[in-house]
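Its first residue numbered 5, the sequence shown is counted upward by one per residue in my numbering.
Quick reminder that beta carbons are idealized off the backbone N, C-alpha and C, glycines included.
Keep in mind that this is a model prediction, so the values were computed, not measured.
Notes follow once the structure below has been shown.
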Amino acid sequence: MIRKMVMWCSVTVILLAAAIVPSFAQNAAERAVEEAKKYAGRTINVTWEAGLQAQGIRAVLPEWEEKTGVKVNLVELSFWDLHDKVITEHLAATGAYDALAISYAFMGDFVNAGVLEPIEPWVTKYMPPQDMEDIHPAFKEAFQYYGGKLYALAADGDVFVLYYRKDLFEDETNRKEFSEKHGYELAPPKTWKEFYEIAKFFTDKYAPEIYGAVIQRGMQSYSWFTGEFVGNGGQFFDPETMKPLINSEIGVQTLKEMVQQNEVMPPGVIKWGFMEALAAWLDGKVAMLITWPPIGRWSEGYGVRTKQLSWVPPSKVVGQVGYAPMPNGRSTLAAGFSVGVASQSKNKELAYLFAQWLTSPETSLKLVMLPFTLVDPFRLSHYQSVIYRNAWDNAGEYLDTLYEAARGGVLELNLPGAREYFAALEQAITSAFAGEDPQKALDGAVAKWEEITERFGREKQKEAYAAYLDLQNAMWKLE
Numbered sequence: 005m006i007r008k009m010v011m012w013c014s015v016t017v018i019l020l021a022a023a024i025v026p027s028f029a030q031n032a033a034e035r036a037v038e039e040a041k042k043y044a045g046r047t048i049n050v051t052w053e054a055g056l057q058a059q060g061i062r063a064v065l066p067e068w069e070e071k072t073g074v075k076v077n078l079v080e081l082s083f084w085d086l087h088d089k090v091i092t093e094h095l096a097a098t099g100a101y102d103a104l105a106i107s108y109a110f111m112g113d114f115v116n117a118g119v120l121e122p123i124e125p126w127v128t129k130y131m132p133p134q135d136m137e138d139i140h141p142a143f144k145e146a147f148q149y150y151g152g153k154l155y156a157l158a159a160d161g162d163v164f165v166l167y168y169r170k171d172l173f174e175d176e177t178n179r180k181e182f183s184e185k186h187g188y189e190l191a192p193p194k195t196w197k198e199f200y201e202i203a204k205f206f207t208d209k210y211a212p213e214i215y216g217a218v219i220q221r222g223m224q225s226y227s228w229f230t231g232e233f234v235g236n237g238g239q240f241f242d243p244e245t246m247k248p249l250i251n252s253e254i255g256v257q258t259l260k261e262m263v264q265q266n267e268v269m270p271p272g273v274i275k276w277g278f279m280e281a282l283a284a285w286l287d288g289k290v291a292m293l294i295t296w297p298p299i300g301r302w303s304e305g306y307g308v309r310t311k312q313l314s315w316v317p318p319s320k321v322v323g324q325v326g327y328a329p330m331p332n333g334r335s336t337l338a339a340g341f342s343v344g345v346a347s348q349s350k351n352k353e354l355a356y357l358f359a360q361w362l363t364s365p366e367t368s369l370k371l372v373m374l375p376f377t378l379v380d381p382f383r384l385s386h387y388q389s390v391i392y393r394n395a396w397d398n399a400g401e402y403l404d405t406l407y408e409a410a411r412g413g414v415l416e417l418n419l420p421g422a423r424e425y426f427a428a429l430e431q432a433i434t435s436a437f438a439g440e441d442p443q444k445a446l447d448g449a450v451a452k453w454e455e456i457t458e459r460f461g462r463e464k465q466k467e468a469y470a471a472y473l474d475l476q477n478a479m480w481k482l483e
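This is the structure:
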């Protein structure tokens, strides 16, 4: 009798547990679709970066709309309007948006302003636990959490990659001449000193037909400064006082290095943006390029004849491209995206379900493999995908490099006011490129950083910076 009672109690506990713990017989995409069907007929407004970023999302929307009956109005905004306009709409309490594309650097401002709804309850209810574990560790914390709360789902694995011309690096004459001159083998640069020496070697030998390297210098230079500065041992602030350290010896050294690098790049590079750098690379005019992952696909001609990529010049470097992390092994995690739920949305659960579907292993693999997408691998299953690894001859090497680059990746600041800190640093870099003394330029940026810190509250910023330093890829904190 006692044994029967124990067995009955055990069965009761199991049944109760089954009722409490969500069942995940369906995958994340299927579960999101099934739950969203009850909202059929509704429309949600989703922000996304205008251009190719949005084109990729639009390519998969028909599947969602057909399966759920829920329409998506994709609101295309410029990168900075994804920050500015979203905050403006929130402060005006318009309820204009439901799901938000969030660059992780915006998290501090968004949480500080109350823009985002915590999503932990929906994740627990609807997402298979293994899907969260499938996120690359570099993106799992910074792209999804802020202040210990879960606010978004990772959607894009932006990381800088060093592309190099294998035909030039493996040429026996080049190898012999370089090693005789510098005393080490010609190979992808492991330090910024090597980067400059290799770039200078190729420029001296081949210019103006071929220059040693190119990096876009006319916009967003703070992202390249971040990786180089941190790789050199720099830190943005003193964590005890919040005194800016970008004008320290390491900061000035970094900016001087960047100015020196410009001397061995194509003329006029200080005004070049993404397109100019891309065109020079694809035309075979440079030996090295540091930029985002899509160029790795386009270099090999992967899908570039699609309508969306009709503006991309034909690649003259197919089969000649090698991949490596940035020098010092610290590649900037530059501006990657996640998807969150707007706190003023009238369709919060539906917005979450769309985010789960979009970022699920099933849907996101389709996205990252689209030829014209700017959405980059961010799940472990993306890097391991047999289909993706066979998309072109060295696609496996490409994916392995993206994984390794992210593993040692450097997070940009995500504090409240990050957009303002970036703008002040960008102005200093631009001034140094134009001829101003790097120390003076960075001193000017520090004065602005101090003003920003005071305005947001030094103690509050100190707490935010401490949390930032604890993130997976902020590994340069002071001992």
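Can you tell me whether DSSP reads residue i as helix, strand or coil?
i           : result
residue 219 : coil
residue 383 : strand
residue 101 : coil
residue 149 : strand
residue 25  : Its pLDDT being 40, under 50, residue 25 is placed unreliably in this model, and the value from its coordinates should be taken loosely. If DSSP states are grouped into helix, strand and coil, residue 25 belongs with coil.
residue 121 : strand
residue 368 : helix
residue 84  : coil
residue 460 : helix
residue 107 : strand
residue 214 : coil
residue 259 : helix
residue 95  : helix
residue 252 : coil
residue 196 : helix
residue 472 : helix
residue 272 : coil
residue 115 : helix
residue 67  : helix
residue 126 : helix
residue 465 : helix
residue 478 : coil
Roughly how many whole angstroms lie between the Cα atoms of residue i and residue j?
i           : j           : result
residue 218 : residue 276 : 9 Å
residue 155 : residue 120 : 6 Å
residue 352 : residue 359 : 11 Å
residue 57  : residue 168 : 25 Å
residue 357 : residue 129 : 11 Å
residue 467 : residue 460 : 12 Å
residue 407 : residue 477 : 13 Å
residue 327 : residue 411 : 15 Å
residue 456 : residue 296 : 29 Å
residue 409 : residue 194 : 13 Å
residue 180 : residue 33  : 54 Å
residue 146 : residue 415 : 8 Å
residue 378 : residue 40  : 27 Å
residue 422 : residue 474 : 17 Å
residue 213 : residue 289 : 6 Å
residue 458 : residue 244 : 15 Å
residue 52  : residue 235 : 31 Å
residue 439 : residue 264 : 11 Å
residue 91  : residue 123 : 19 Å
residue 430 : residue 316 : 27 Å
residue 285 : residue 125 : 46 Å
residue 395 : residue 389 : 10 Å
residue 227 : residue 339 : 8 Å
I want to check one thing, is the minimum distance from the CB of residue i to the heavy atoms of the ligand MG below 7 Å?
i           : result
residue 236 : This structure lacks the ligand MG; in fact it carries no ligand of any kind.
Report the partner residues of residue i according to the DSSP bridge assignment.
i           : result
residue 227 : Partner(s): none; residue 227 has no beta bridge.
residue 167 : 293, 327
residue 139 : 383
residue 414 : 336
Using 8 Å for Cβ pairs, my map puts residue i next to residue j. What's the rounded Cβ distance?
i           : j           : result
residue 472 : residue 417 : 7 Å
residue 205 : residue 216 : 7 Å
residue 376 : residue 59  : 6 Å
residue 436 : residue 445 : 4 Å
Hey, quick one: how far does the alpha helix (DSSP H) through residue i stretch, first residue to last?
i           : result
residue 156 : Here residue 156 belongs to no alpha helix (DSSP H); instead the beta strand (DSSP E) covers 156 to 158.
residue 426 : 422 to 437
residue 346 : It is not in any alpha helix (DSSP H) - residue 346 instead sits in the beta strand (DSSP E) that spans 341 to 346.
residue 285 : 278 to 286
residue 245 : Where residue 245 is concerned, there is no enclosing alpha helix (DSSP H), given that its DSSP letter is neither H nor E.
residue 37  : 32 to 40
residue 301 : 298 to 303
residue 389 : First-last for residue 389: undefined, no H or E at that position.
Could you check where the beta strand (DSSP E) with residue i kicks off and where it finishes?
i           : result
residue 77  : 75 to 81
residue 376 : From DSSP, residue 376 is part of no beta strand (DSSP E); its letter is neither H nor E.
residue 47  : 47 to 53
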